[in-house]
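The letter at position 106 of the sequence shown is residue 106 when you use the UniProt record's numbering, and the numbering goes up by one with no holes. C-beta: ideal position from N, C-alpha, C; glycine also. Please read all numbers here as calculations on a predicted model, not as lab measurements. The structure under discussion appears below in the form of structure tokens.
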Amino acid sequence: MATVTAMAQPAPPRGPPPSRRPIGRPAPPQGPPPRGRPAPPPLPPNQLSGTKRPAGVLPSDGKKMRRPPITIRAPVSMRDVTAFEKKHQVGEGTFGSVFLGVDKKTGEMVALKRINTKQEENGFPITAIREVKILKALNHKNIVDLKEIVTSKDHSEIPKNVYMVFEYLEFDLTGILESPDIRLTQDHVKSWSQQLLNGVHYMHTNKVIHRDLKASNILVNKRGELKIADWGLARSWNSEMKRLTNRVITLWYRPTELLLGCVEYTPKIDMWSVGCIIAELFRRSGFLKGANEASQLNLIFQIAGHPTEEDWPEIHKMCPLWKN
């Protein structure tokens, strides 16, 4: 594979005022939802690889355990959401809404992702628990930063709502690519592809599978810095895991083995999604836009050919839905 080298910063393309994307945790849709038309960010100078500091490997024993009902009690050090000035809603997710906020103490702009604990019979949503656990363990310049957890309370010890406080990024790739007035250069495509690969390499090195990489989950700030977001379907992984759900990854970005019913997979499934995103950067539209799982498979086979036992000997064992 050719190495992407540092490039000179191109002139920022023009575009209309930005519009914010949802950061919520929706179930994987059949295709990306419509987005606004944000102004594109400039290309950042000389992208670097690696991490800011050494990363800790996420612990995981691969054992699936039944989760008892969970009650979240705020620790003494956890701040209340009133520490932030809530501006306006910028997104909607499965477990609550996302708001633009400003830290009253520092003046920093943040994204407040509200998680309504009353929507779950067992308390705090399991997807949010995984998202918090993984993001607190990861630390990389191409992964969105979860700054803290805050709560809102009435007059009891149990929080009414829990908020995840994220760094605020102004754009997502879907909004940029769907804006006809925005002109992107090859330098933009190369830089964002390199940053995406840096972030994915880091999380895979730390044995994490994202399982929902798509253009709308890739955020970009005004400086052109790219960050991977929306970790609600992410899982820590090890080689001893035998069964994982295949109802993950948005359809347009889902690899062949998951479409064929595979439940034993590795972090490699994310790489198919990465390839679809990079193709989308070049095309400025979805690469494989199937209407359902059958049509998605047909699109893949038309481009890549039908898999055979000769080039994929394990296909019958791995993919229960495969037929000659």
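Looking at residue i: is its Cβ nearer than 7 Å to the Cβ of residue j?
i: residue 166; j: residue 144; result: yes
i: residue 307; j: residue 261; result: no
i: residue 231; j: residue 134; result: yes
i: residue 274; j: residue 200; result: yes
i: residue 243; j: residue 220; result: no
i: residue 163; j: residue 114; result: yes
i: residue 284; j: residue 173; result: no
i: residue 189; j: residue 281; result: yes
i: residue 85; j: residue 105; result: no
i: residue 216; j: residue 278; result: no
i: residue 152; j: residue 90; result: no
i: residue 305; j: residue 299; result: no
i: residue 150; j: residue 235; result: no
According to DSSP, simplified to helix, strand and coil, what is residue i?
i: residue 253; result: helix
i: residue 287; result: coil
i: residue 33; result: Residue confidence is low: residue 33 scores 46 on pLDDT, short of 50, so the model does not pin down where it sits. Its coordinate-derived value is still stated next. In this structure, residue 33 counts as coil in the three-state DSSP scheme.
i: residue 176; result: helix
i: residue 317; result: helix
i: residue 219; result: strand
i: residue 79; result: coil
i: residue 241; result: coil
i: residue 169; result: coil
i: residue 274; result: helix
i: residue 280; result: helix
i: residue 233; result: coil
i: residue 100; result: strand
i: residue 182; result: coil
Please report the residue range of the alpha helix (DSSP H) in which residue i lies.
i: residue 191; result: 186-205
i: residue 298; result: 293-304
If I'm right that residue i touches residue j with Cβ under 8 Å, what's the distance once you round it to whole angstroms?
i: residue 111; j: residue 98; result: 6 Å
i: residue 218; j: residue 196; result: 7 Å
i: residue 255; j: residue 204; result: The pair is not a contact, with the Cβ atoms about 15 Å apart (cut-off 8 Å).
i: residue 259; j: residue 208; result: Rounded, the Cβ-Cβ distance is 22 Å, inconsistent with contact.
With residue i as the anchor, note down where its beta strand (DSSP E) starts and where it stops.
i: residue 106; result: Element bounds for residue 106: n/a, residue is neither H nor E.
i: residue 131; result: Premise fails: residue 131 lies in the alpha helix (DSSP H), 126-137, not in any beta strand (DSSP E).
i: residue 228; result: 226-228
i: residue 366; result: There is simply no residue 366 to check, as the chain begins at 1 and stops at 324 in what is shown.
i: residue 308; result: Run containing residue 308: none; DSSP gives neither H nor E here.
i: residue 149; result: 146-152
Across the region 209-226 and the region 246-256, are there enough close Cβ pairs to call them in contact, namely three or more that are closer than 8 Å? Short answer: they touch.
Any contact between the region 224-231 and the region 284-303? By contact I mean 3 or more CB pairs, one from each, below 8 Å. No: the two stretches stay apart, fewer than three of their Cβ pairs being nearer than 8 Å.
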